[in-house]
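A.B. asks: A single structure is presented below for examination.
Number of protein chains: 2
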Amino acid sequence: MEYTINKLAQLSGVTARTLRYYDQIGLLKPARINSSGYRIYGPKEVDSLQHILFYRELEVSLEDIAAIINEPGFDSTAALKNHYKKLQQKCTRLEKIMATVEKTIASQERGIPMQNNEKFEGLKEKMIEENEQKYGAEIRKQYGDHTIDASNTKLRNMSPEDYTAMNKLGEEVLSLLKEACTDGDPGSVKAQELAGKHREWLMYSWPDYSKEAHAGLAEMYVSDERFKAYYDKEVKGGAEFLRDAIFIYTGTK
Amino acid sequence: MEYTINKLAQLSGVTARTLRYYDQIGLLKPARINSSGYRIYGPKEVDSLQHILFYRELEVSLEDIAAIINEPGFDSTAALKNHYKKLQQKCTRLEKIMATVEKTIASQERGIPMQNNEKFEGLKEKMIEENEQKYGAEIRKQYGDHTIDASNTKLRNMSPEDYTAMNKLGEEVLSLLKEACTDGDPGSVKAQELAGKHREWLMYSWPDYSKEAHAGLAEMYVSDERFKAYYDKEVKGGAEFLRDAIFIYTGTK
DNA sequence: TCTTGACCTTCACGCTGCGTAAACGTTTAG
DNA sequence: CTAAACGTTTACGCAGCGTGAAGGTCAAGA
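Note that the protein sequences, when read in sequence, are chains X and E. Mapping of the first sequence onto numbering that gives the first Met the number 0: residues 0 to 252, in sequence order. Mapping of the second sequence onto numbering that gives the first Met the number 0: residues 0 to 252, in sequence order.
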């Protein structure tokens, strides 16, 4: 099945302008351009657009979406399962807001008093969830994936080739850390290469990557004793150095 | 209870910048400014902010929110009941998307084939809901409110003063229509005054106003036989004229 | 064959809802 | 008395498109 831009727009519910924009920023390129310059989309692009829209539904920025789905180790099934969870959370949040609306109605109709902080229950959760839960629980989960039961993860949904590639990357990260750390400058070319490799390494087990989560994990490399010990035993001050390099890499304050 | 800007920000979960912006565009002015120029918010503003955030949750533009809550006939309880419904719809939509995610997982894991249009179920509904349901079912409901059981509506949640004021406005609309229609120019000053009055009249029974819904209703004034008959019997071509005037008023193509 | 209308293209400017930084005054706690 | 925390205005920046304008392409009917 091949689609011109408006056909795909109609199928998916977005506008043609949106598809052109996605092409422009490199998020979704058409399968080919025909002799008159028309964009032609194939089945692969349809599936890709579906994934994009799922991420967009979860308010992931287009830049991050591009980074996620273009990464070589991208596991679409794992991502879908993650979507499901996130959508459930969104639903729960909406239900909380609905409860707040109901309470507010009751307070207006029957004069039941309402505390000021009750008035924003559910509405506030966005901030809280985005920070604490996204960079708390999730990273803690990733922590588990990477260290404690890394062997478990590999067995679950990674091909043997990917697994060896990931291990190789992990070793590269460590050796790069040793080299770069002696210079002492986390902004150096070598240190930034280190941060890049670290990101690549993460992508193998992270269903979605974001700068914020990356920086959040880096923060934990110093604050969590177990992490700190792991990187510090490789080279003195390794954890701090890696964190600072990642902060610069991700553009964190 | 009085709040400085950061206190209110913390209470409600928005940033201080957001509150300043809302002040700037006239959406939410502080109760007063103290001697050092600080913004001081009171209990009224807290409630107002809550309403604003409910509307924002439903993706209503800030401009429209301002128009809605500043309108004299604004019935906050009716609005809250409307929010509840809309939030339920949002939840339903999320559940549809979750079902689509599940289907996609199944098609990937167990090779169950999936039609291309199935892949966007739920994701598309946004457009459809915004158009058909918002300007279809809702307007149809308003139709009922205004014509068939207008007497019922008044008894439910309108004060007698408001009701008489609304009726007076309704008569003004009709007489203005007669006057303006003879000129034949829906862009004339008189015709635009007519459209403005018509909007005011609507506001009495609409929990929320938007240009799009107004234009959608105008469309129906011509396409729906019963509406057309009502306005045409007042003056020949009245329905078309009113529609065109409203289209110009709302800036519809 | 010609034309009409639907569809495609590339600029390019505009909009909303803030984030973010700069430069500066005010209040409060130690 | 001073530093930190909090407040102010001004102003530029950004994502994710909407919305023309100005023009090429294609299918169908006259």
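For each residue, glycine too, the CB sits at the ideal point set by N, CA and C.
Determine, using beta carbons only, whether Y21 of chain E comes closer than 9 Å to chain X.
C.D. replies: Output row for Y21 of chain E: interface = no.
A.B. asks: So V279 of chain X is in the alpha helix (DSSP H); what residue range does that whole segment cover?
C.D. replies: Since the first residue shown for chain X is 0 and the last is 252, residue 279 of chain X is missing from the structure and cannot be characterised.
A.B. asks: Leaving out five residues on either side along the sequence, give the residues of the same chain with a beta carbon under 6 Å from the beta carbon of F53 of chain E.
C.D. replies: Excluding residues within five positions, the ones whose Cβ falls inside 6 Å are H82.
A.B. asks: DSSP has Y274 of chain X in a bridge; who is on the other side?
C.D. replies: The shown model of chain X, from 0 to 252, leaves out residue 274 of chain X, and the question about it has no answer.
A.B. asks: Are the C-beta atoms of S11 of chain X and some chain E residue less than 9 Å apart?
C.D. replies: Yes - at least one Cβ of chain E is within 9 Å of the one on S11 of chain X.
A.B. asks: Who are the neighbours of I104 of chain E on chain X, taking C-beta pairs under 7 Å?
C.D. replies: Within chain X, the residues near I104 of chain E are T76, L79 and K80.
A.B. asks: When the distance is taken between beta carbons, is E171 of chain X closer than 9 Å to K189 of chain X?
C.D. replies: No, these two residues do not count as a Cβ contact at 9 Å.
A.B. asks: How would you call D74 of chain E, buried or exposed, if buried means at least 16 neighbouring beta carbons within 10 angstroms?
C.D. replies: It is buried - the Cβ of D74 of chain E has at least 16 other Cβ atoms within 10 Å.
A.B. asks: If I follow the unbroken alpha helix (DSSP H) through I245 of chain E, where does it start and stop?
C.D. replies: Taken as a continuous stretch (DSSP letters only), the alpha helix (DSSP H) holding I245 of chain E covers G237 to T249.
A.B. asks: Opposite R19 of chain E in the DSSP bridges: which residues?
C.D. replies: None; R19 of chain E has no bridge partner.
A.B. asks: Taking the straight line between their C-alpha atoms, what separation do you get for D22 of chain X and E44 of chain X?
C.D. replies: Near 11 Å, if we compare the C-alpha coordinates of E44 of chain X and D22 of chain X.
A.B. asks: As a quick exercise: from X:G110, X:L10, X:H50 and X:W200, pick the residue whose alpha carbon is nearest that of G72 of chain X.
C.D. replies: Ranking the options by Cα distance to G72 of chain X, first place goes to X:W200.
A.B. asks: Opposite I104 of chain X in the DSSP bridges: which residues?
C.D. replies: Answer is none; I104 of chain X lacks a bridge partner.
A.B. asks: Throw me the rounded Cβ distance for the L241 of chain X and A217 of chain X pair, which I believe falls under 8 Å.
C.D. replies: Indeed they touch by this definition, with Cβ atoms about 7 Å apart.
A.B. asks: Whose Cβ in chain X lies nearer than 9 Å to the Cβ of F53 of chain E?
C.D. replies: The contacting residues are I96, T99, V100, T103 and L122.
A.B. asks: Measure the alpha-carbon distance for K89 of chain E versus R19 of chain X and round it to whole angstroms.
C.D. replies: Approximately 28 Å, taken between the alpha carbons.
A.B. asks: With 16 as the cutoff for other CB atoms within 10 Å, does P185 of chain X come out buried or exposed?
C.D. replies: By the neighbour-count rule (16 or more Cβ atoms within 10 Å), P185 of chain X is buried.
A.B. asks: Give me the chain X residues within the contact set of L93 of chain E, using Cβ-Cβ distance strictly less than 8 Å, ordered along the chain.
C.D. replies: L86, K89, C90 and L93, listed in chain order.
A.B. asks: Could you tell me which chain E residues have their CB closer than 9 Å to the CB of E58 of chain X, listed as they occur along the chain?
C.D. replies: The premise fails here: E58 of chain X is roughly 12 Å from chain E at the closest Cβ pair, so nothing lies under 9 Å.
A.B. asks: Against chain E, does D243 of chain X count as a neighbour if the rule is that its beta carbon must be under 9 Å from one of theirs?
C.D. replies: No, D243 of chain X lies away from the interface with chain E (no Cβ there is under 9 Å from its Cβ).
A.B. asks: Here's the rule I'm using: 16 or more other beta-carbon atoms within 10 Å means buried, otherwise exposed. How should E108 of chain X be labelled?
C.D. replies: So E108 of chain X counts as exposed.
A.B. asks: Can you pull the chain E residues whose beta carbon is under 9 Å from the beta carbon of Y83 of chain X, in chain order?
C.D. replies: M97, V100, E101 and I104, listed in chain order.
A.B. asks: Anything in chain X within Cβ reach of N5 of chain E, meaning under 9 Å, just list it in chain order.
C.D. replies: The premise fails here: N5 of chain E is roughly 14 Å from chain X at the closest Cβ pair, so nothing lies under 9 Å.
A.B. asks: Going along chain E, which residues have a C-beta under 8 Å from A119 of chain X?
C.D. replies: Rather than Ala, the amino acid found at residue 119 of chain X in this sequence is Phe. Under the 8 Å cutoff, chain E gives L10, S11, G12, Q49 and L52.
A.B. asks: For A194 of chain E and L168 of chain E, what's the separation of their Cα atoms in angstroms?
C.D. replies: Cα to Cα, the separation comes out at about 12 Å.
A.B. asks: Please classify R109 of chain E: does DSSP put it in a helix, a strand, or coil?
C.D. replies: DSSP places R109 of chain E in coil when its eight states are reduced to three.
A.B. asks: Candidates E:R198, E:T76 and E:L175: which alpha carbon is nearest G237 of chain E's?
C.D. replies: Taking only the C-alpha atoms, the option nearest G237 of chain E is E:L175.
A.B. asks: Is P29 of chain X close to chain E, meaning its C-beta is less than 9 Å from at least one C-beta of that chain?
C.D. replies: It does not; no Cβ of chain E falls within 9 Å.
A.B. asks: CB-CB under 6 Å to S11 of chain E, same chain, minus the five flanking residues each way: which ones, in chain order?
C.D. replies: These residues qualify, in order along the chain: L48.
A.B. asks: Which one of E:L122, E:V13, E:E192 and E:V59 has the shortest CA to CA distance from R92 of chain E?
C.D. replies: With distances taken between Cα atoms, R92 of chain E lies closest to E:L122.
A.B. asks: Go ahead and pull the three-state DSSP assignment for T152 of chain X.
C.D. replies: Low per-residue confidence applies at T152 of chain X: pLDDT is 37, beneath 50, and the placement is therefore not dependable, though the value from the model is reported in the following sentence. T152 of chain X: helix per DSSP, three-state reduction.
A.B. asks: Can you pull the DSSP bridge partners for I32 of chain E?
C.D. replies: According to DSSP, I32 of chain E bridges with E:R38.
A.B. asks: Taking C-beta pairs closer than 8 Å, name the residues in chain X that E108 of chain E reaches, listed in chain order.
C.D. replies: Those within 8 Å of E108 of chain E in chain X are T76.
A.B. asks: Going by DSSP in three states, V234 of chain E sits in which element: helix, strand or coil?
C.D. replies: Here V234 of chain E sits in coil by DSSP.
A.B. asks: Please state if the CB of I104 of chain X and the CB of E266 of chain X are separated by a distance shorter than 9 Å.
C.D. replies: Only positions 0 to 252 of chain X appear in this structure, which leaves residue 266 of chain X out of reach.
A.B. asks: Would you decide whether T17 of chain E is buried or exposed? Buried here means 16 or more other CB atoms lie within 10 Å of its CB.
C.D. replies: Under this definition T17 of chain E is a buried residue.
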